[in-house]
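Following the numbering used here, the numbering of the sequence shown begins with 25 at its first residue and continues without gaps. Shown next, in structure tokens, is the structure this report addresses.
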Amino acid sequence: MPAPLPAALVPLALLPSLVPSTTVIETTFDRASGFVPPTAVSYAPDLVPYGSKVRVSVTRRAGQTSVEVRMSGVAAGHEFPAHVHTGRCGTDAATSGPHYQNVADPVQPSIDPAYANDRNEMRLTVRTDKEGRGTASAAVDWSFREGGARSIVLHAGRPAGAHGTADRVACVNVKF
């Protein structure tokens, strides 16, 4: 029978739950293909050109989650609202599903402010500079449910040219 751990070592066994876990995705936006979808898809190459870059970092620690999105080579002087979505990116922008909600609204699409708000959804706005580079980050006091969140979707935002403000212009598959 193995000897029990000394009492001084027991706190070390709890250490992994206190150490942050980070997932990083670095890739380029590409066309949505039907055979093997890329990690990052552009649905509007005028705003998010093929070959533009994206980096997504997701950090989890003790019931909290933070997300950072960095982009370069995209439309200059633009605001891209971004949200975590329940589905994966696909050839059709709608396959990414609705916004992920910590407490899911039973009515979808969710417009009820009791569910569709900054405390219950991961919301970011990437604002780009004159070179088309931008960064945004957000944090929430909860963790994503296993398999419940699968992508970050960038919406058209402002200025809205040929795209409406709710149009999905790009998507990045992320393992949350």
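Even glycine gets a Cβ: it sits at the ideal position worked out from N, Cα and C.
Among the residues of its own chain, which have a CB less than 6 angstroms from the CB of residue i, if the five just before and after it don't count?
| i | result |
| --- | --- |
| Thr119 | Gly111 |
| Thr83 | Pro44, Thr46, Ser90 |
| Asp191 | Ala180 |
| Val72 | Phe53, Ser66, Val98, Val193, Ala194 |
| Glu50 | Arg79 |
| Tyr139 | Gln125, Asp129 |
| Ala117 | Tyr67, Arg192 |
| Gly158 | Met95, Val150, Arg151, Thr152 |
Whose C-beta lies closer than 7 angstroms to the C-beta of residue i among residues of the same chain, with five residues either side of it excluded?
| i | result |
| --- | --- |
| Ala168 | The residue you asked about is not Ala; residue 168 is Phe in the sequence shown. Here the set comprises Thr89, Tyr124, Phe200. |
| Gly156 | Ser96, Gly97, Val98, Ala99, Ala100 |
| Asn144 | Gln125, Asn126, Val127 |
| Lys154 | Ala100, Gly101 |
On the CB-based measure, 16 or more other CB atoms within 10 Å of its CB, does residue i come out buried or exposed?
| i | result |
| --- | --- |
| Val60 | exposed |
| Ile135 | exposed |
| Ala64 | buried |
| Glu103 | buried |
| Thr152 | buried |
| Val131 | exposed |
| Val198 | buried |
| Ala173 | buried |
| Val150 | buried |
| Val48 | exposed |
What first and last residue would you give for the beta strand (DSSP E) that runs through residue i?
| i | result |
| --- | --- |
| Gly158 | 158 to 164 |
| Gln88 | 88 to 96 |
| Ala106 | 103 to 109 |
| Ser76 | Element bounds for Ser76: n/a, residue is neither H nor E. |
| Leu71 | Per DSSP, Leu71 belongs to no beta strand (DSSP E) and is neither H nor E. |
| Phe59 | Note, Phe59: premise wrong, no beta strand (DSSP E); not H, not E. |
| Ala179 | Checking the sequence, you will find His at residue 179 rather than Ala. Unbroken beta strand (DSSP E) run through His179: 175 to 179. |
| Ser167 | Segment: none, Ser167 is in no beta strand (DSSP E) and carries neither H nor E. |
| Asn197 | 192 to 197 |
In chain order, what residues of the same chain have a beta carbon less than 8 angstroms from the beta carbon of residue i, not counting five sequence neighbours either side?
| i | result |
| --- | --- |
| Glu170 | none |
| Gly87 | Asp165, Trp166, Ser167 |
| Arg85 | Leu42, Val43, Pro44, Ser45 |
| Ser57 | Thr115 |
| Leu36 | Here Leu36 scores only 47 on pLDDT, less than 50, and its place in the model is too uncertain to base an answer on. |
Whole-angstrom Cβ separation of residue i and residue j, contact assumed at under 8 angstroms?
| i | j | result |
| --- | --- | --- |
| Ala106 | Ala68 | Incorrect: roughly 14 angstroms between the Cβ atoms, too far for contact. |
| Tyr74 | Arg55 | 6 angstroms |
| Ala180 | Ser66 | Their Cβ separation, rounded to whole angstroms, is 12 angstroms, which puts Ala180 and Ser66 out of contact at 8 angstroms. |
| Ser76 | Glu92 | Not a contact, Cβ separation roughly 17 angstroms. |
| Pro122 | Pro137 | Actually they are not in contact, since the Cβ atoms of Pro122 and Pro137 sit about 15 angstroms apart, beyond 8 angstroms. |
| Val177 | Met146 | Not confirmed; about 11 angstroms, so no contact. |
| Arg163 | Leu148 | The displayed chain sequence assigns Ala, not Arg, to residue 163. The Cβ separation is near 10 angstroms, so there is no contact. |
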